[in-house]
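One structure is given here, and the rest of the page talks about it.
Residue numbers (our numbering), protein chains in the order written: chain L, 6 to 72; chain F, 13 to 363.
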């Protein structure tokens, strides 16, 4: 998975037990080659692999942690 | 967008009656002390007190078309509001003090907020909406939610000039997204209005205030209380973080419930959008807004946690009231007999 446009440098922040915040990404390309246009200034990318809205975080990691 | 008209609601007791009269005619300072005497010690779940407070706060938002805008700063009305707020804040603090004490032992404020939310034992209205709610109950739930959602993010905008540096920048990132990133059709308030319309409900601002019991109005009033007082800016930040941190999964459940009942994507879009948006916002709010604020201003640590706990308390009271009413086979709305589909009340809002 890659994030970003050629002309901008996204800023990343890894959240403990949570997603990776990406600031300034233009697109996100997933393993299947699909390019997702980013519509918000900051996105949260799933790191737990359980999101139903991959590549984006949907908060499911919390249900997993509480189990 | 069509012009919306908001009129004063029908009073439901002595406090809201005093407010309607004072907002309509010039408030009488001589009558203030006798009006203050009517305020009960506990206002958190009081239908009349919360409606009075909602009216007084609404003067700072869009206001009423039948009220002189100058009354926003009328000292008699502000004095009356202060009396209601004093009790409201005291009750919120008393009922959250022990969980706040516990949360203070977690050094990382963001983690403490996430833990508070995860440990909250209140009943969850979204889980019921997903699996069990019938059409009438779902529409009632949307009517309740409309009181706050149609001004979603506005109370937190008052925080902006009261913050500096990193906390301010973090808040603005959330707000920019809430207000549609510059696209009017994506403003979250508008998305909720679209959901109401798609479900056959009135999307007008304030349309269902008269249907809202005190516990519903308290959700709107608590965030107005915290947003309007600079002294409470820490609590406003913590409240926001707890709202965001308890939104993604419940939003998905709301969307699933609407789909189960046969509503289409126009109805679910607001909630689908919030699954993703609030997964971002909860991190920004807890880590960057609250985290930076407490780092810069350690004296606000307790208030940040108080705000988070206050949201969980008020949301829990709301959920309990709604689910208890449905359990008893009754309406959860303030007026008895409303069925959610044809509920126009005298003197309420028209679009």
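Using N, Cα and C, we set each Cβ at its ideal position, and we do this for glycine too.
Everything numeric in this text was worked out from a predicted model, so none of it was measured.
The segment 254 to 271 of chain F and the segment 102 to 121 of chain F do not touch, with fewer than 3 CB-CB distances between them shorter than 8 Å. Residue 134 of chain F is outside the set of residues whose beta carbon lies under 8 Å from a beta carbon in chain L. Within chain L, the C-beta atoms nearer than 8 Å to that of residue 189 of chain F come from 45, 46 and 47, in chain order. Legend: CB atoms of the segment 16 to 27 of chain L lying less than 7 Å from CB atoms of chain F belong to residues 20, 23, 24 and 26.
In the three-state scheme derived from DSSP, where H, G and I count as helix and E and B as strand, residue 298 of chain F is classed as helix.
Against chain L, the CB of residue 141 of chain F has no partner CB under 8 Å away; the residue lies outside that interface. Within 9 Å of the CB of residue 68 of chain L, the CB atoms of chain F belong to 261, in sequence order along the chain. Residue 14 of chain L is outside the set of residues whose beta carbon lies under 8 Å from a beta carbon in chain F. When DSSP assignments are scanned along the segment 140 to 198 of chain F, the uninterrupted stretches of alpha helix (DSSP H) that are 4 or more residues long and fall wholly within it turn out to be 147 to 161, 166 to 169 and 177 to 190. Taking 8 Å as the cut-off, the Cβ atoms of residue 63 of chain F and residue 26 of chain F do not count as close. Note on geometry: alpha-carbon atoms of residue 292 of chain F and residue 70 of chain F lie some 29 Å from one another. In the three-state reduction of the DSSP assignment, residue 25 of chain L falls in the strand class, which pools E and B.
Taking a 10 Å sphere around the C-beta of residue 302 of chain F, we find 16 or more other C-beta atoms and assign the residue as buried. For residue 42 of chain L, no chain F residue has a Cβ inside 7 Å of its Cβ, as the nearest lies near 13 Å away.
By alpha-carbon distance to residue 23 of chain F, the top candidate from F/46, F/127, F/61 and F/57 is F/61.
Taking 8 Å as the threshold, the shortest C-beta distance from residue 253 of chain F to chain L does not fall below it. Scanning F/235, F/290 and F/121 for the CA closest to the CA of residue 313 of chain F turns up F/121. Separation of residue 98 of chain F and residue 41 of chain L (C-alpha to C-alpha, rounded to the nearest whole angstrom) is 49 Å. For residue 32 of chain L, there is no enclosing alpha helix (DSSP H); the residue is part of the beta strand (DSSP E) that begins and ends at 32 to 34. Residue 55 of chain L carries a coil assignment under DSSP once its states are collapsed to helix, strand and coil.
By the criterion of a C-beta distance shorter than 7 Å, residue 166 of chain F is surrounded in its chain by 73, once the five residues flanking it on both sides are discounted. Cβ contact annotation for residue 152 of chain F (same chain, cutoff 7 Å, sequence separation greater than five): 343, 344, 345 and 352, in chain order. Below the 8 Å Cβ cutoff, chain F contributes no neighbours of residue 53 of chain L, its closest Cβ being approximately 11 Å away. Rounded to the nearest angstrom, the Cβ distance from residue 189 of chain F to residue 45 of chain L is 5 Å, consistent with a contact under 8 Å.
By the neighbour-count criterion, in which a residue is buried when 16 or more other Cβ atoms sit within 10 angstroms of its Cβ, residue 205 of chain F is buried.
Taking 9 Å as the upper bound on Cβ-Cβ separation, chain L lies near no residue of the segment 140 to 167 of chain F. Assignment of residue 200 of chain F by DSSP, reduced to helix, strand and coil, places it in the helix class.
Collapsing the DSSP output to three states places residue 252 of chain F in a helix. Contact note: residue 295 of chain F reaches chain L through 18, 20, 23, 24, 26, 47, 49 and 62, using a C-beta cutoff of 9 Å and chain order.
For residue 51 of chain F, no Cβ of chain L is located within less than 8 Å of the residue's own Cβ. Close to chain L, meaning a Cβ-Cβ distance shorter than 8 Å, are the following residues of the segment 299 to 313 of chain F: 299.
Rounded to whole angstroms, the separation of the alpha carbons of residue 265 of chain F and residue 68 of chain L is 13 Å. Residue pairing from DSSP places residue 61 of chain L in a beta bridge opposite L/50.
DSSP, reduced to helix, strand and coil, places residue 103 of chain F within a helical segment of the structure shown. The beta carbons of residue 254 of chain F and residue 125 of chain F sit closer together than 8 Å.
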